[in-house]
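These notes concern the structure reproduced below.
Numbering (this note's numbering), first residue to last: -18 to 109.
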């Protein structure tokens, strides 16, 4: 069954990780979607209690993981050919470690979005 990673395309770190995972993660069925660019997808995810503003979403059929759980699940499944992804996989595949480190990723995302003048929540208007 294909995996779908919904990420925040406004965040350079998030976009880089998603693209790298798709191309070099060793998961041929991985599809990536820019959730910031897809209002309908964000509404669907939010109805399931998963806000893009709070983290990425990994989906497989009806099953979905959000935030640190999404990154941990993706990392557990990866068989990367890329050295950076190998390090990230080893760092985040343990769910409790991913949970402990995830706030740092959210902070980096917040800073990256702020530098671009984008709101953390894609459903808010950009700062002007």
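Here a beta-carbon is modelled for each residue, glycine too, at the ideal position from N, C-alpha and C.
Bounding residues of the beta strand (DSSP E) (the contiguous stretch that carries residue i)
| i | result |
| --- | --- |
| residue -14 | -16 to -12 |
| residue 94 | First-last for residue 94: 76 to 96, but that is the alpha helix (DSSP H), not the beta strand (DSSP E). |
| residue 14 | 11 to 15 |
Minimum C-alpha distance to residue i - residue among the options
| i | options | result |
| --- | --- | --- |
| residue 80 | -5, 13, 56 | 56 |
| residue 16 | 84, 32, 72, 76 | 32 |
| residue 27 | -13, 85, 97 | -13 |
| residue 49 | 101, 63, 62, 76 | 76 |
| residue -1 | 35, 101, 51, 20 | 51 |
Own chain residues within Cβ distance below 8 Å of residue i, not counting five before or after
| i | result |
| --- | --- |
| residue 42 | -18 |
| residue 22 | -13, 14, 16 |
| residue 7 | 59, 60, 61, 62 |
Segment limits, alpha helix (DSSP H) that includes residue i
| i | result |
| --- | --- |
| residue 38 | No alpha helix (DSSP H) holds residue 38; the beta strand (DSSP E) holding it covers 38 to 41. |
| residue 20 | 20 to 28 |
| residue 50 | 49 to 58 |
Burial state of residue i (16 or more Cβ within 10 Å)
| i | result |
| --- | --- |
| residue -11 | buried |
| residue 70 | buried |
| residue 163 | The structure shown does not extend to residue 163, since the chain spans only -18 to 109, so no value can be given for it. |
Proximal residues to residue i (C-beta, below 7 Å), its chain only, five neighbours per side dropped
| i | result |
| --- | --- |
| residue 11 | -16, -14, 2, 3 |
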